[in-house]
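S.K.: First to last, the protein sequences are chains A and B.
According to full-length UniProt numbering, the first sequence holds residues 1 to 749 in order.
According to full-length UniProt numbering, the second sequence holds residues 1 to 226 in order.
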Amino acid sequence: MSLDTVKHATETPDVGQPWAELGLKKDEYERIREILGRRPTGAELAMYSVMWSEHCSYKSSKVHLKQFSEKKPDSDAMLVGIGENAGVVDVGQGYAVTFKVESHNHPSYIEPYQGAATGVGGIVRDILAMGARPVAVVDPLRFGAADHPDTKRVLPGVVAGIGGYGNCLGLPNIGGEVVFDSCYQGNPLVNAGCIGVMKHEDIHLAKASGAGNKVILYGARTGGDGIGGVSVLASETFDDTKPTKRPAVQVGDPFQEKLLIECTLEVFAEKLVAGIQDLGGAGLSCATSELASAGSGGMRVELDAVPLRDATLSPEEILMSESQERMCAIVEPDKVARFLEICEKWDVIATVIGEVTDGERLEIFWHGEQIVDVPPRSVAHEGPTYHRPYARPEWQDALQADDAAKLPRPASSRELREQVLKLVASPNQASKAWVTDQYDRFVQGNTVLAQPEDAGMVRIDEETNLGVAIATDGNGRYAKLDPYAGAQLALAEAYRNVAASGAKPLAVSDCLNFGSPEDPAVMWQFAEATRGLADACLELGTPVTGGNVSLYNQTGDVAIHPTPVVAVLGVIDDVTRRTPIAFAEEGQLLYLLGDTREEFGGSAWSQVVHDHLGGLPPRVDLDRERLLGEILIAASRDGMVDAAHDLSDGGLVQAVTESCLRGGNGARLIVPDGLDAFTFLFSESAGRAVVAVPRSEELRFTDMCGARGLPATRIGVVDGDAIDVQGEFSIPLAELREAHEATIPGLLA
Amino acid sequence: MTSRIGVVTFPGTLDDQDALRAARLAGAEPVSLWHRDKDLKQVDAVVLAGGFSYGDYLRAGAISRFSPVMETVVEQARAGMPVLGICNGFQILTEAHLLPGAMLRNDHLHFVCRDQRLRVENADTAWTADYEQGQEISVPLKNMDGRYVADERTLDELEAEGRVAFRYLDVNPNGSLRDIAGITNAAGNVVGLMPHPEHAVEPLVGTGRTDGLGFFTSILKKLVNA
Numbered sequence: 001m002s003l004d005t006v007k008h009a010t011e012t013p014d015v016g017q018p019w020a021e022l023g024l025k026k027d028e029y030e031r032i033r034e035i036l037g038r039r040p041t042g043a044e045l046a047m048y049s050v051m052w053s054e055h056c057s058y059k060s061s062k063v064h065l066k067q068f069s070e071k072k073p074d075s076d077a078m079l080v081g082i083g084e085n086a087g088v089v090d091v092g093q094g095y096a097v098t099f100k101v102e103s104h105n106h107p108s109y110i111e112p113y114q115g116a117a118t119g120v121g122g123i124v125r126d127i128l129a130m131g132a133r134p135v136a137v138v139d140p141l142r143f144g145a146a147d148h149p150d151t152k153r154v155l156p157g158v159v160a161g162i163g164g165y166g167n168c169l170g171l172p173n174i175g176g177e178v179v180f181d182s183c184y185q186g187n188p189l190v191n192a193g194c195i196g197v198m199k200h201e202d203i204h205l206a207k208a209s210g211a212g213n214k215v216i217l218y219g220a221r222t223g224g225d226g227i228g229g230v231s232v233l234a235s236e237t238f239d240d241t242k243p244t245k246r247p248a249v250q251v252g253d254p255f256q257e258k259l260l261i262e263c264t265l266e267v268f269a270e271k272l273v274a275g276i277q278d279l280g281g282a283g284l285s286c287a288t289s290e291l292a293s294a295g296s297g298g299m300r301v302e303l304d305a306v307p308l309r310d311a312t313l314s315p316e317e318i319l320m321s322e323s324q325e326r327m328c329a330i331v332e333p334d335k336v337a338r339f340l341e342i343c344e345k346w347d348v349i350a351t352v353i354g355e356v357t358d359g360e361r362l363e364i365f366w367h368g369e370q371i372v373d374v375p376p377r378s379v380a381h382e383g384p385t386y387h388r389p390y391a392r393p394e395w396q397d398a399l400q401a402d403d404a405a406k407l408p409r410p411a412s413s414r415e416l417r418e419q420v421l422k423l424v425a426s427p428n429q430a431s432k433a434w435v436t437d438q439y440d441r442f443v444q445g446n447t448v449l450a451q452p453e454d455a456g457m458v459r460i461d462e463e464t465n466l467g468v469a470i471a472t473d474g475n476g477r478y479a480k481l482d483p484y485a486g487a488q489l490a491l492a493e494a495y496r497n498v499a500a501s502g503a504k505p506l507a508v509s510d511c512l513n514f515g516s517p518e519d520p521a522v523m524w525q526f527a528e529a530t531r532g533l534a535d536a537c538l539e540l541g542t543p544v545t546g547g548n549v550s551l552y553n554q555t556g557d558v559a560i561h562p563t564p565v566v567a568v569l570g571v572i573d574d575v576t577r578r579t580p581i582a583f584a585e586e587g588q589l590l591y592l593l594g595d596t597r598e599e600f601g602g603s604a605w606s607q608v609v610h611d612h613l614g615g616l617p618p619r620v621d622l623d624r625e626r627l628l629g630e631i632l633i634a635a636s637r638d639g640m641v642d643a644a645h646d647l648s649d650g651g652l653v654q655a656v657t658e659s660c661l662r663g664g665n666g667a668r669l670i671v672p673d674g675l676d677a678f679t680f681l682f683s684e685s686a687g688r689a690v691v692a693v694p695r696s697e698e699l700r701f702t703d704m705c706g707a708r709g710l711p712a713t714r715i716g717v718v719d720g721d722a723i724d725v726q727g728e729f730s731i732p733l734a735e736l737r738e739a740h741e742a743t744i745p746g747l748l749a
Numbered sequence: 001m002t003s004r005i006g007v008v009t010f011p012g013t014l015d016d017q018d019a020l021r022a023a024r025l026a027g028a029e030p031v032s033l034w035h036r037d038k039d040l041k042q043v044d045a046v047v048l049a050g051g052f053s054y055g056d057y058l059r060a061g062a063i064s065r066f067s068p069v070m071e072t073v074v075e076q077a078r079a080g081m082p083v084l085g086i087c088n089g090f091q092i093l094t095e096a097h098l099l100p101g102a103m104l105r106n107d108h109l110h111f112v113c114r115d116q117r118l119r120v121e122n123a124d125t126a127w128t129a130d131y132e133q134g135q136e137i138s139v140p141l142k143n144m145d146g147r148y149v150a151d152e153r154t155l156d157e158l159e160a161e162g163r164v165a166f167r168y169l170d171v172n173p174n175g176s177l178r179d180i181a182g183i184t185n186a187a188g189n190v191v192g193l194m195p196h197p198e199h200a201v202e203p204l205v206g207t208g209r210t211d212g213l214g215f216f217t218s219i220l221k222k223l224v225n226a
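1. Quick check: A28 (chain B) and L155 (chain B), are their CB atoms within less than 9 Å of each other?
2. Since I believe R114 (chain B) is in contact with D437 (chain A) (beta carbons under 8 Å), could you give me their beta-carbon distance rounded to a whole number of angstroms?
3. Name, going along the chain, the residues of the UniProt domain "PurM-like N-terminal" (83-198) of chain A whose beta-carbon falls closer than 8 Å to a beta-carbon of chain B.
4. Would you mind listing the alpha helix (DSSP H) stretches within the stretch 403-438 of chain A that are 4+ residues and don't spill past its ends, in chain order?
5. I'd like the list of long-range same chain contacts for R477 (chain A), defined as Cβ closer than 6 Å, with 5 residues on each side in sequence excluded.
6. According to DSSP, which residues form a beta bridge with W524 (chain A)?
7. Hey, is K142 (chain B)'s beta-carbon within less than 9 Å of any beta-carbon in chain A?
8. Tell me whether V558 (chain A) is buried or exposed, calling it buried when 16 or more other Cβ atoms sit within 10 Å of its Cβ.
9. Across which residues does DSSP place M640 (chain A) in a beta bridge pair?
10. Is Q438 (chain A) close to chain B? Criterion is C-beta to C-beta, closer than 9 Å.
11. Within 9 Å of any Cβ in chain B, is that where the Cβ of Q444 (chain A) sits?
12. With DSSP as the reference, please indicate the residues paired to G275 (chain A) in a beta bridge.
13. Put K245 (chain A) into one of helix, strand or coil per three-state DSSP.
14. May I ask you to list the residues that DSSP assigns as paired with Q554 (chain A)?
15. Rounded to the nearest angstrom, what separates I318 (chain A) and P254 (chain A) at their Cα positions?
16. If you draw a straight line from the C-alpha of G297 (chain A) to the C-alpha of K7 (chain A), how long is it?
17. Rounded to the nearest angstrom, how far is the Cβ of A79 (chain B) from that of K222 (chain B), given a contact under 8 Å?
18. Counting Cβ pairs closer than 8 Å, one from the stretch 535-553 of chain A and one from the stretch 505-522 of chain A, do we hit at least three?
19. In its own chain, which residues sit with a C-beta less than 6 Å from the C-beta of Q133 (chain B), not counting the 5 before and 5 after it?
20. Considering only residues of the same chain and omitting the five flanking positions on each side of I162 (chain A), which have a CB-CB separation below 6 Å?
21. Three Cβ pairs or more, each shorter than 8 Å: is that satisfied between the stretch 479-492 of chain A and the stretch 526-534 of chain A?
22. For G94 (chain A), I'd like the list of residues in its chain whose CB is within less than 8 Å of its CB, leaving aside the five on either flank, ordered along the chain.
23. Between the stretch 174-188 of chain B and the stretch 145-154 of chain B, do at least 3 Cβ pairs fall closer than 8 Å?
24. For E322 (chain A), which residues of its own chain have a beta-carbon under 8 Å away from its beta-carbon, when the five flanking residues on both sides are left out?
25. Residues of the UniProt domain "PurM-like C-terminal" (211-366) of chain A with a CB closer than 9 Å to any CB of chain B: list them in chain order, please.
26. Can you name the residues that DSSP bridges to G615 (chain A)?
27. So does T151 (chain A) have its beta carbon nearer than 8 Å to some heavy atom of the ligand SAH?
28. Taking only beta-carbon atoms, is E202 (chain B) less than 9 Å away from chain A?
29. Could you give the first and the last residue of the continuous beta strand (DSSP E) run that contains A181 (chain B)?
30. So the candidates are B:D170, B:V224, B:F166; which of them puts its Cα closest to the Cα of G212 (chain B)?
31. When DSSP labels each residue in this structure, what does residue 751 (chain A) get in the three-state scheme?
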């Protein structure tokens with residue numbers, strides 16, 4: 001096939017082009033012709049098609065996402081906001097922290113190991129591209145029913161992929177989630193988050209400025225893997241009738257990525273980089289157009305200079321390839337030699353592939369012939385915007401009317417005891433150690449807290465003990481019942497988890513996982529969830545710094561539960577003051593903070609005991625969340641509590657079980673006045689935590705809660721080797737441990 | 001002047017910073033060594049740290065053993081310089097034939113990361129003198145290829161000569177023969193083990209225990225008294 005040059009395209013305006021096969025709509029193709037004043041070349045068509053895909057352009061979601069900027073709370077912490085590779089927040093002492101959560105859902109269903117592995121690789125490069133050293137990763141995961149045969153294919157592959165890649169990078173895996181629900185059967189959610197740390201002055205941005213500066217592609221050679229992965233995988237729903245798309249999933253090489261990290265940090269340290277971008281979805285198409293679009297000039301690229309793994313690749317394929325472990329840097333001419341020298345030190349291939357020009361066009365050449373001549377902004381930042389129709393689904397009222405309060409409750413103490421054991425052994429509430437023990441949580445020697453703690457926490461300065469904490473949460477069941485409240489509850493839980501560890505919540509990243517935006521009901525869920533999250537972030541004073549949207553998570557016309565996953569980043573001045581979840585000291589007093597109401601809609605109890613989803617999720621009270629957070633942080637700082645655990649899915653009994661097993665001590669509990677034992681144990685009212693208070697601190701702690709108006713109810717004491725609910729039942733720790741820890745290995749090992 | 005403990009960084013080494021920190025916390029002067037450099041910078045002892053050098057491609061440790069730095073390490077180790085191989089470092093030591101046996105993939109085929117109890121079976125090596133014979137310690141274990149194997153004769157010899165330095169307690173986490181977690185050479189200067197003592201040197205981080213610090217205080221005392 002002859003080369004489709006710009007000249008050729010101008011001369012042959014009527015050649016038919018495969019825009020539909022590349023995922024473009026007719027009006028989008030027409031718009032490209034309008035922008036260029038001619039038909040696009042094959043290479044240009046490839047670039048526009050990937051960059052205008054849902055995954056890269058956010059064309060269905062961006063009209064809603066702009067609320068995160070419009071409703072942004074005043075925060076001194078934000079250094080870099082939405083739009084860059086990742087947001088950056090100030091954590092004090094001259095340090096800045098960048099963090100982000102991304103999805104790799106569709107690839108992980110097709111090829112669980114590589115899909116998940118490259119998800120980790122991609123988010124780590126995003127963080128690196130901001131100028132930061134990656135210091136920790138987290139992985140919120142959602143799978144189909146725990147006992148479904150396909151879950152046994154997907155989950156072990158995903159977990160091995162995350163471990164195989166992340167462990168090899170030397171990044172501690174400190175948190176995340178594992179959730180099972182049949183709604184994710186054909187659409188597992190593999191979200192990956194990363195935190196990076198840098199000094200303020202080291203922040204780097206993705207822009208190409210300064211005519212004459214060189215464009216250097218470094219890292220792995222470019223191969224045929226992942227070609228079209230972005231537009232084909234992220235924008236279409238799975239359909240059994242089409243041919244397999246396995247080759248579209250990228251293959252990762254974590255060893256290459258580790259070298260890329262160290263090499264990049266060294267070129268940063270020597271201040272050799274004027275602009276930088278990682279190569280992820282849409283590969284070189286994305287990196288060159290985004291760098292040029294964000295900079296002040298144009299860019300000229302010699303595509304035939306790109307080192308290849310497969311010499312037969314066409315220029316279009318090179319532009320679309322999603323080969324992993326590649327970065328693109330803009331380097332001043334007199335720094336190029338030193339840049340290449342450092343790459344050589346780390347055995348990283350580096351090639352000058354072009355330069356920044358004083359023009360306004362992105363121009364790409366193939367053996368001297370021009371194949372791309374486009375305004376970069378039209379590719380990278382001015383893609384289509386859709387105002388998709390949305391409508392509250394007609395089934396929503398019936399779903400909310402199907403109140404969980406009507407479900408039969410345990411009729412006897414014996415039944416109550418049985419349901420407690422059933423709950424803590426259920427796949428969603430059971431110990432996830434089988435998963436997390438496949439991740440290295442110790443490497444780098446700064447891990448202060450890791451799963452199953454409420455939040456992961458790492459030290460970032462050994463001298464001052466400054467640290468950061470992160471928690472990720474999302475509850476698709478709540479969001480299905482009410483997407484506005486569900487998104488707020490996800491934020492509230494992550495916020496609470498961070499505060500329970502003793503850290504002050506600072507900022508938010510989100511990964512919004514939904515079904516098809518072409519379905520007005522799904523679009524309504526998305527609109528409601530983003531509105532809820534933006535409103536709640538404003539109220540809690542935690543700005544959204546960036547994130548990711550994953551749409552088309554559905555099989556046929558059945559969408560997943562709307563699943564906004566929210567990551568909250570917090571800072572703690574002194575990590576020695578952190579609060580773990582373990583009840584480690586016998587005799588300490590247990591206090592329940594917050595109000596407990598009869599709230600069972602979307603609860604773990606309703607799922608485990610009745611396989612029910614209906615009613616309304618727990619009431620949201622963000623003022624209460626903030627007050628609870630302040631109390632937990634103050635109690636941690638001043639040494640008033642030795643353990644704290646947030647209450648969320650599974651309610652009090654789940655939290656107490658985890659804290660007892662973690663500490664190796666039992667608890668004697670008394671049902672407080674005004675509550676029945678069932679509600680006390682299983683309610684999922686938000687804005688609550690349980691804390692263990694040393695007797696010497698009791699007065700000081702209750703005085704503080706009283707003065708601030710936070711209900712604090714003494715519910716028992718850390719004692720013995722059983723969980724004993726007075727007048728109801730007693731369950732030995734050994735029995736609880738067996739129930740809690742045997743489930744996941746039993747299903748998956 | 002205090003003793004200098006060198007830590008080698010190969011491409012893909014991950015726990016080098018942790019090992020350097022452990023050496024510093026024990027009171028030694030930590031020195032970074034580079035795989036391409038034959039020069040050991042006058043260090044008194046060397047740690048080969050954990051990680052996935054060369055991505056564990058071909059076989060864990062198989063490529064690293066041919067690096068320039070290893071030429072000097074092997075030569076010096078044979079002359080008596082103390083060398084500690086942790087995890088991937090242990091794998092490199094077996095590949096370099098400074099220690100017998102080999103590591104295979106864990107018997108359960110998963111990466112495993114856990115707090116592991118060990119018994120110190122030999123408290124006379126350069127790296128274990130600060131422990132009591134038979135002392136039980138807990139340090140993190142994390143590996144994919146941690147199953148120690150050797151032929152029966154070698155195993156019998158190791159046992160007979162007291163060269164099994166550490167044994168797993170409670171759980172054999174990877175299927176290692178005779179629960180062997182670590183071994184020493186006959187002279188006691190070269191020690192390798194799969195668990196990570198450098199991750200257990202501060203009460204604040206990791207598992208919250210400092211059971212691993214003894215490796216680094218042991219060597220420091222030996223060097224200072226030498």
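C-beta: ideal position from N, C-alpha, C; glycine also.
M.R.: Taking the structure as given:
1. Taking the second sequence and counting its residues from 1, the one referred to as residue 28 (chain B) is at position 28. Taking the second sequence and counting its residues from 1, the one referred to as residue 155 (chain B) is at position 155. No, the Cβ-Cβ distance between A28 (chain B) and L155 (chain B) is not below 9 Å.
2. Counting from 1 along the first sequence, the entry for residue 437 (chain A) is found at position 437. Counting from 1 along the second sequence, the entry for residue 114 (chain B) is found at position 114. Between R114 (chain B) and D437 (chain A) the Cβ distance is about 6 Å, and since that is below 8 Å, they are a contact.
3. Within the UniProt domain "PurM-like N-terminal" (83-198) of chain A, those residues whose Cβ lies closer than 8 Å to any Cβ of chain B are, in chain order, A160, G163, G164, N167, C168, L169, G170.
4. 413-425, 433-436
5. Counting from 1 along the first sequence, the entry for residue 477 (chain A) is found at position 477. Excluding residues within five positions, the ones whose Cβ falls inside 6 Å are G602, L613.
6. Here residue 524 (chain A) refers to the residue found at position 524 when the first sequence is read from its first residue. Looking at the DSSP assignment, W524 (chain A) forms no beta bridge with any residue, so it has no partner.
7. By 1-based counting over the second sequence, the position of residue 142 (chain B) is 142. So yes, K142 (chain B) belongs to the interface.
8. Looking up residue 558 (chain A) in the first sequence gives position 558. Classification for V558 (chain A): exposed.
9. On the first sequence, position 640 is the one that residue 640 (chain A) refers to. None, per the DSSP bridge assignment.
10. Locating residue 438 (chain A) in the first sequence gives position 438, where the first residue counts as 1. Yes, its Cβ sits closer than 9 Å to a Cβ of chain B.
11. Position 444 of the first sequence, counting from 1, holds the residue named residue 444 (chain A). Yes, Q444 (chain A) counts as interfacial toward chain B.
12. Within the first sequence, the letter at position 275 stands for residue 275 (chain A). According to DSSP, which records beta bridges pairwise, G275 (chain A) is partnered with A:I330.
13. Mapped onto the first sequence, residue 245 (chain A) falls at position 245. Only weak support exists for where K245 (chain A) lies, its pLDDT of 41 falling under 50; the coordinates are left without a value.
14. On the first sequence, residue 554 (chain A) is found 554 positions in, with the first residue counted as 1. A:A559, per the DSSP bridge assignment.
15. In the first sequence, residue 318 (chain A) corresponds to position 318, counting from 1. In the first sequence, residue 254 (chain A) corresponds to position 254, counting from 1. For I318 (chain A) and P254 (chain A), the distance between alpha carbons rounds to 21 Å.
16. Along the first sequence, one-based indexing puts residue 297 (chain A) at 297. Along the first sequence, one-based indexing puts residue 7 (chain A) at 7. In a straight line, the C-alpha of G297 (chain A) is about 23 Å away from that of K7 (chain A).
17. To locate residue 79 (chain B), count along the second sequence from 1; it is residue 79. To locate residue 222 (chain B), count along the second sequence from 1; it is residue 222. Wrong, their Cβ atoms sit about 16 Å apart, outside the cutoff.
18. Flag = yes, the stretch 535-553 of chain A and the stretch 505-522 of chain A touch.
19. By 1-based counting over the second sequence, the position of residue 133 (chain B) is 133. A123, listed in sequence order.
20. On the first sequence, position 162 is the one that residue 162 (chain A) refers to. Only A116, V120, D139 meet the Cβ criterion.
21. yes
22. Position 94 of the first sequence, counted from the start, is the residue given in the question as residue 94 (chain A). The answer, listed in chain order, is K199, H200.
23. yes
24. Along the first sequence, one-based indexing puts residue 322 (chain A) at 322. Within the same chain, E322 (chain A) has close Cβ partners D225, G226, I227, G229, V230, Q250, L279, G280, G281, A282, G283.
25. D253, P254, F255, Q256, K258, L259, E262, K345, W346, D347
26. Numbered from its first residue, the first sequence carries residue 615 (chain A) at position 615. Note: G615 (chain A) sits in no beta bridge, so no partner.
27. The ligand SAH is absent from the structure shown, which contains no ligand whatsoever.
28. Against the second sequence, residue 202 (chain B) aligns to sequence position 202. Interface residue, yes.
29. Reading the second sequence from its first residue, position 181 is the one you call residue 181 (chain B). Looking at the DSSP string, the run of the beta strand (DSSP E) that includes A181 (chain B) is 180-184.
30. Start at 1 with the first residue of the second sequence, and residue 212 (chain B) comes out as number 212. The residue with the shortest Cα to Cα distance from G212 (chain B) is B:F166.
31. Since the displayed chain A opens at 1 and closes at 749, residue 751 (chain A) lies outside it and no answer follows.
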